[in-house]
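Step one of this worksheet: look at the structure below.
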Amino acid sequence: LAPWIPVVGLEIHAQISSNSKLFSGSRVQFAAPPNSLVSFFDASLPGTLPVLNRRCVEAAVMTGLALNCSINKKSLFDRKHYFYADLPAGYQITQQRVPIAVNGSLSYSLCIDNKMSQMVTKTVRIKQIQLEQDSGKSLHDDTRCQTLVDLNRAGVGLMEVVMEPDMCCGEEAAAAVRELQLILQTLGSSQAVMAEGQLRVDANVSVHHPGEPYGVRTEVKNINSIRFLAKAVDYEIQRQIEELENGGTILNETRAFDSKLGCTVPMRDKEGKQDYRFMPEPNLPPLILYDAKSLPANMNHQQVINIDWIHERLPDLPSVKREKLVEQYGILPEHSFTLLNEDGLAEFFESVVKQTQMKPKKVIGWILNDLLSYLKQHSLTVKESPVSSFLLADLLNLLEKKEISSTAAKQVLAELWKGEGKTPLEIVKDQKLELLQDQKELEQICQAVIDGQENEVIMMVLG
Amino acid sequence: QKVSVEVLDHLEHLALVDFRDWEGVERLQKAIQFADQLHEVNTDGVEPMDSVLEDRWCLYLREDDVTEGNCTKELLENAREKVEEYFVAPPGNIPLPKLEERETFLQGS
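Taken in order, these protein sequences are the chains called B and Y. Mapping the first sequence onto full-length UniProt numbering, position 209 (from 1) lands on 209, and the numbers just tick up by one. Mapping the second sequence onto full-length UniProt numbering, position 40 (from 1) lands on 40, and the numbers just tick up by one.
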């Protein structure tokens, strides 16, 4: 049987972290009474007009720069028409002709063979990033055969990040999205929490034989976590391979991922191929961005967005942070990968290192093996840790000064997890875990043990 | 060059317009002919114009402040049906009846 090459591309919608919406002044907030965060424009009442939010543009520029894109100094807004109850205007304002950023790349790491010891770096091309409006939310009430519509989300700013089909499996797709999530969170352009719908991913999947043209692709939606993304992509690849090997064909359709069954199913409400009748948004002129060279002399600062100014103020991206950790502390790349993968763990590690004499290379073991595994077992975040960096550093100092053994240290840590407020030193004293340094005292103890077990000693001496 | 029945049906689906009778279709026909005159001008190498104001049409950037919203009651006054504070809509898009079942012009073409 000829081998199959799976091809995976992604369309990711990230909700912009801003106070107000993309084209109106209503608040952006996750949970709020229905239709309380809706302006007349969001409800598409006649006579209202879009007014672009500066912060949303800055968020898109930051993200474009972080993903090595070319920022288009002139980008345009368009209308994408379709009918749905949660899209009151009957169209979405998006950037179809000329988006704000194009031609970037994202590098991400993968572990080979599930072992943390070998990591490989891959790259996926970013086709473009565009600004667009989010739609409202539909709650389907099947019992009463109706849909309830909440427009709180309608008009919230989105960045759509389009990743080229450079990925080949669920693991790669998941790793790429995880890295994007970390980048967005570092920039602050999106909080990218998938569970709150701030990061939504659609996967485009197809398979083909080497040397042949790309196969028909399907679009997979309704993926609610990074874990499910990997599952959905891998399932769809398998499904397509089996279908084709059985002589079937793949339909160019949209499928939904069913997380309970772990499979993809065709989506019902898609009637044939959509014709979105794209047209320029007549109420918005082109978006013009400037850089240090093209900065106009006489314009109001508030009306000018300077790409270079934003570039200079970009924070260290995760990849740079990881390298710095490796360089500064002599830890392994796999270690810094894990440090950045858990929210707050890198800061915790650095805090402990500052407060202890123990070498970072030894501290990292306690962080990754003891602290992290405990947190995982009890489903706690670093912030919720009952053991603070101060307490852990205190404990490691006792170990470093050889006042206790490594085994004893683990015992103390187990006690510290209870969060009863005792210091490491108090626990050591309570449980008599101090290492004896005095030679004479040690001899006395050993002699006492031997004296107390006369029979056993005789047995041993006799062989 | 007449507009085909397939295109008319496609337009009715997309835009939910109803051409209703042969006069309506004629009107569309004439509108297309009128617009087609644009093709007589050679626009090779010319950038499309966004506005006659050209560079003077500046996109206004708003500060990221919350200035609107909180008018649920007013918005719901427009709703034919509501449940608590939600708008009520049919369960999905109601598909346009098939060509044969429609009452207007395109039926029977």
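C-beta atoms are modelled at their ideal positions from N, C-alpha and C, and glycine is treated no differently.
- B/CYS69 and B/SER189 have their C-alpha atoms some 16 Å from each other.
- One Cα belongs to Y/GLN37, the other to Y/LYS30, and the distance between them is close to 11 Å.
- Taking C-beta atoms as the reference points, B/VAL387 and B/LEU368 fail to come closer than 9 Å.
- Assignment of B/MET194 by DSSP, reduced to helix, strand and coil, places it in the helix class.
- DSSP, read as helix, strand or coil, puts B/ARG79 in strand.
- At a cut-off of 9 Å, the C-beta of B/ILE129 has no neighbouring C-beta in chain Y.
- Checking the DSSP bridge columns, you'll see B/MET279 partnered with B/ARG79.
- Under the Cβ criterion of 9 Å, Y/PHE87 is counted among the residues facing chain B.
- Boundaries for B/ASN455: no beta strand (DSSP E) harbours it, while the alpha helix (DSSP H) harbouring it runs 454-462, taken from the DSSP string.
- About 17 Å separates the beta carbons of B/ILE5 and B/MET163, which is beyond the 8 Å limit, so they are not a contact pair.
- Residue-level contact check: B/GLY188 does not touch chain Y, since none of the beta carbons of chain Y fall below 9 Å from its beta carbon.
- Under the 10 Å beta carbon count, Y/TRP22 is surrounded by fewer than 16 other beta carbons and is classified as exposed.
- B/LEU398 places its beta carbon less than 9 Å from that of B/ALA409.
- B/LEU106 carries a strand assignment under DSSP once its states are collapsed to helix, strand and coil.
- Distances from the alpha-carbon of B/LYS383 to those of B/ASP150, B/ALA173 and B/PHE349 put B/PHE349 closest.
- By the neighbour-count criterion, in which a residue is buried when 16 or more other Cβ atoms sit within 10 angstroms of its Cβ, B/ALA292 is exposed.
- In the DSSP assignment, B/PHE257 is bridged to B/THR264.
- For B/ARG322, the three-state secondary structure derived from DSSP is helix.
- Here B/VAL233 really is in contact with B/CYS169; their C-beta atoms are around 7 Å apart, less than 8 Å.
- Residue environment analysis places Y/TYR86 among the buried positions, since at least 16 neighbouring C-beta atoms fall within 10 angstroms of its C-beta.
- Looking from the CA of B/HIS81, the closest CA among B/SER379, B/PHE278 and B/GLN240 belongs to B/PHE278.
- Ranked by how close their Cα comes to the Cα of B/ARG227, the residues B/ASN306, B/ASP258, B/THR218 and B/ILE307 have B/ASP258 in first place.
- Within the segment 77-103 of chain B, PHE83, TYR84 and ALA85 place their CB atoms closer than 7 Å to a CB of chain Y, listed in sequence order.
- For B/GLY157, there is no enclosing alpha helix (DSSP H); the residue is found in the beta strand (DSSP E) stretching over 157-167.
- One thing to note: Y/VAL88 has its Cβ no nearer than 9 Å to the Cβ of B/LEU151.
- Out of B/ASN455, B/ALA60, B/ALA43 and B/LEU416, the CA that lies nearest to the CA of Y/THR72 is found in B/ALA43.
- A check of alpha carbon separations from B/GLY419 across B/LEU392, B/MET62 and B/PRO99 identifies B/LEU392 as the nearest.
- Using beta-carbon distances, B/PRO6 does not count as an interface residue toward chain Y, since no partner is under 9 Å.
- Residue range 86-89 is occupied by the beta strand (DSSP E) that includes Y/PHE87.
- If you look at B/ALA14, you'll find it in the beta strand (DSSP E) that goes 5-15.
- Annotation: B/LEU199 is outside any alpha helix (DSSP H); the continuous beta strand (DSSP E) that includes it extends over 199-208.
- In the DSSP annotation of this structure, B/LEU22 is not part of any beta strand (DSSP E), being labelled neither H nor E.
- DSSP places B/SER336 within a helical segment (H, G or I) once states are collapsed to three.
- For B/CYS111, the closest Cβ of chain Y is not nearer than 9 Å.
- Nearest CB-CB separation between Y/PRO91 and chain B: below the 9 Å threshold.
- Within chain B, the C-beta atoms nearer than 7 Å to that of Y/GLY69 come from SER26, ARG27, SER36, LEU37, VAL38 and SER39, in chain order.
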